[in-house]
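As C-alpha cells, the structure follows; a few thoughts come after it.
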Amino acid sequence: VFLQLIGILTPAALRRSRRYAIIGIVTLVAILTPSGDPFTLLILSGPMWLFYEISILIGALRQRRQRRAED
-7 VFLQLIGILT
3 PAALRRSRRY
13 AIIGIVTLVA
23 ILTPSGDPFT
33 LLILSGPMWL
43 FYEISILIGA
53 LRQRRQRRAE
63 D
C-alpha cells in the first residue's frame, strides 16, 4: 500500500504480477516455517495472499477517488 501511495506501484501492476506474488508468498512461507507440510503452507500463505489482494483493492479505491477529485 505504501508503494502505491508514493506512486511507485499501481493496482494494475499488482494485478499483472499476481501469479508471481503468490509463488513468492508460498516460497517465503516454505522457507520461514519449520515444517514443510502442505497444511502449514496453506494456513500461513492464505492470510498473506489476502493482504496482497486487499492492498490491490485499497490502491484501486484510492486511485478512483483521486481521479474523481481531478475531474
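Residue numbers (the numbering used here): -7 to 63. For glycine and all other residues, C-beta sits at the position ideal for the given N, C-alpha and C. Bear in mind that the values here come from a model prediction, so they are computed numbers and not experimental data.
Residue burial annotation: S9 is exposed, with fewer than 16 other C-beta atoms found within 10 angstroms of its C-beta. Taking 7 angstroms as the cut-off, the beta carbon of L6 is found no closer than this to the beta carbon of I46.
C-alpha of L(-3) to C-alpha of R59: approximately 14 angstroms in a straight line. In this structure S27 is exposed. Its beta-carbon is surrounded by fewer than 16 other beta-carbon atoms within 10 angstroms.
Residue ranges of uninterrupted alpha helix (DSSP H) with 4 or more members, entirely inside the stretch 0 to 33 and ordered along the chain, are 3 to 8 and 10 to 24. Between the alpha carbons of I50 and F(-6) lies a gap of roughly 11 angstroms.
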